[in-house]
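So for the sequence shown, the working numbering puts the first residue at 587; every next one is plus one. Backbone N, C-alpha and C fix where the C-beta goes; we use that ideal spot for every residue, glycine too. Given the structure is predicted, the values throughout are model-derived calculations rather than measurements.
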Amino acid sequence: MLSPDVQIVDIDGRHWKNLLDLPNGPKRWSTFLLIFMRDDECVKALRVPGGPIPNFEFVGDENLAPLAKKYGVDYVAVAPVALLRRVFSQAQNTVRRADDWDQQIRSMVTTVSALVRSEVRWYPRAPRFVPKVDGEKLGGWIERLWPDGTAIGLFAFDGTRPHTSLIVGKEGGKITRMTTLDYFGMADGPLHWPVAQGEIYMRCRDEFLPLHVAFWFERESLEEMLAGPKGLSYFHLACKRRRASMMPAPFKWRALLWAARVFGGR
Numbered sequence: 587m588l589s590p591d592v593q594i595v596d597i598d599g600r601h602w603k604n605l606l607d608l609p610n611g612p613k614r615w616s617t618f619l620l621i622f623m624r625d626d627e628c629v630k631a632l633r634v635p636g637g638p639i640p641n642f643e644f645v646g647d648e649n650l651a652p653l654a655k656k657y658g659v660d661y662v663a664v665a666p667v668a669l670l671r672r673v674f675s676q677a678q679n680t681v682r683r684a685d686d687w688d689q690q691i692r693s694m695v696t697t698v699s700a701l702v703r704s705e706v707r708w709y710p711r712a713p714r715f716v717p718k719v720d721g722e723k724l725g726g727w728i729e730r731l732w733p734d735g736t737a738i739g740l741f742a743f744d745g746t747r748p749h750t751s752l753i754v755g756k757e758g759g760k761i762t763r764m765t766t767l768d769y770f771g772m773a774d775g776p777l778h779w780p781v782a783q784g785e786i787y788m789r790c791r792d793e794f795l796p797l798h799v800a801f802w803f804e805r806e807s808l809e810e811m812l813a814g815p816k817g818l819s820y821f822h823l824a825c826k827r828r829r830a831s832m833m834p835a836p837f838k839w840r841a842l843l844w845a846a847r848v849f850g851g852r
């Protein structure tokens, strides 16, 4: 999916830093109790965050709910102590040197996801960051949702000043270039984003690549969406309140986000 020679042009330093800082916003991280087993013997237990638990006693899988309550964690995971070694071994054996590197990444993601889901016992359920991933299907979805010769954009505004932006272009089945609003001399505004959408869309079309889909946010709205457990539901609400929008909004994207929100509980 990624070209080995991606062109990164006019990346505004402030926009890039703010983009990378987004996951570090006001978010409550999940807590875990990790129990590592060798046959029927517990060899180590860790609370994350926290560290090793001395004198830990494990009496069986039927005891997971009381353990979660005792140690105050969201998830309990019981895994073989050799899991990490197996993950590295199988991921390495999955990679074919003849594949391009994005295909190698998809193969590794598929293998590691399947291994973790099959070897780890979770209480009360596997967290969402351990999804059942099929790298081939994921690549196929991306091809269908994102036509060649177009771009995807993310824009967040702090009042009339752009807070962060990212525009990613795809050509020949590969991501070939990335930029920010600095490419158009618009990194510092002032821009009133509901009005500026049309101008940015035309500038992308004429000077970069046409925007196939773009997500627009007030800064606070984007940070709150990323911090919450149901980001798509929050995005839907923010759009209704005109604190966010998707424009352009192709039907396939709208249908996918609707299905993920309604049926996936996102």
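- Setting aside the 5 residues that flank it on each side, residue 782 has no residue in the same chain whose C-beta is closer than 7 Å to its C-beta.
- Leaving aside the five residues that flank residue 778 on each side, the residues in its chain whose CB is nearer than 8 Å to its CB run, in chain order, 746.
- With respect to the 7 Å criterion, residue 755 and residue 795 are classified as neighbours on the basis of their beta carbons.
- The region 763 to 775 makes no contact with the region 825 to 840; the number of CB pairs closer than 8 Å stays below 3.
- For the 7 Å CB-CB criterion, residue 805 and residue 742 form a contact.
- The three-state reading of DSSP puts residue 616 in coil, since its state is none of H, G, I, E or B.
- The DSSP assignment places 760 to 765 as complete runs of the beta strand (DSSP E) inside the region 752 to 800, in order along the chain (cut-off: 3 residues).
- The Cβ atoms of residue 633 and residue 650 do not sit closer than 7 Å to each other.
- The criterion of a C-beta distance shorter than 7 Å is satisfied by residue 737 and residue 797.
- Judged by DSSP secondary structure, residue 811 falls within the alpha helix (DSSP H) whose first and last residues are 805 to 813.
- Secondary structure note for residue 823: its alpha helix (DSSP H) is the uninterrupted segment 817 to 826.
- Judged by DSSP secondary structure, residue 835 falls outside any beta strand (DSSP E); it is assigned neither H nor E.
- Rounded to whole angstroms, residue 635 and residue 785 show a C-alpha spacing of 46 Å.
- Between the C-alpha atoms of residue 776 and residue 674 there is a straight-line separation of about 49 Å.
- With a threshold of 16 other beta carbon atoms within 10 Å, residue 829 meets it and is buried.
- Residue 601 places its beta carbon less than 7 Å from that of residue 750.
- If you draw a straight line from the Cα of residue 807 to the Cα of residue 824, it is about 7 Å long.
- Bounds of the alpha helix (DSSP H) holding residue 652 are 650 to 657.
- Under the 10 Å beta carbon count, residue 729 is surrounded by fewer than 16 other beta carbons and is classified as exposed.
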